[in-house]
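Numbering (our numbering), first residue to last: 8 to 126.
Okay, structure coming up:
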């Protein structure tokens, strides 16, 4: 997405990178749909403790994932996706919050002996 944003394109129609961008955004939307549930299942399967703290944090991750999904779906719904629009999406606090959420939970899970194999 950063490369597309840097191209200064007024739209995605007819460009190879535009098609790739829509595919990337579609795949991101698919991944975000259900991310919170997948992480919650991991906490249960791995019996991570304290479970209540994980559930509380995963509620934040789920909210940020849903907010990010809404932003991505709004961009995908546009007939034309410009580099500026993608630049604004990249700057979205919702996407940034989600990335930070995932970095944090990734580091925590890496330190868990049982969960380390699943990360």
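The C-beta atom is built at its ideal place from N, Cα and C for all residues, glycine as well. Keep in mind it's a predicted model, so treat the numbers as computed, not measured.
If residue 49 sits next to residue 75, beta carbons under 8 Å apart, how far is it from one beta carbon to the other, in whole angstroms?
That belief does not hold up - the Cβ atoms of residue 49 and residue 75 are roughly 19 Å apart, past 8 Å.
Spatial distance of residue 107 from residue 81 (CA atoms)
Their Cα atoms are separated by approximately 22 Å.
If contact is defined by three or more beta carbon pairs under 8 Å, each pair taking one atom from either stretch, is the region 96 to 103 in contact with the region 47 to 64?
Flag = no, the region 47 to 64 and the region 96 to 103 do not touch.
Could you check what DSSP says for residue 87 in three-state terms: helix, strand or coil?
Coil, per DSSP.
For a test of the three-state rule: what should DSSP assign to residue 111, helix, strand or coil?
In the structure shown, residue 111 sits in a helix (DSSP, three-state: H, G or I).
How many Å lie between residue 67 and residue 86 at the Cα?
When the Cα atoms are used, residue 67 and residue 86 turn out to be separated by approximately 31 Å.
Check whether residue 88 and residue 36 have beta carbons under 7 Å apart
By the CB criterion at 7 Å, residue 88 and residue 36 fall outside the cutoff.
Indicate whether residue 72 and residue 42 have their beta-carbon atoms separated by less than 7 Å.
Inclusion of residue 72 and residue 42 in the CB contact set at 7 Å is warranted, their separation being smaller than that value.
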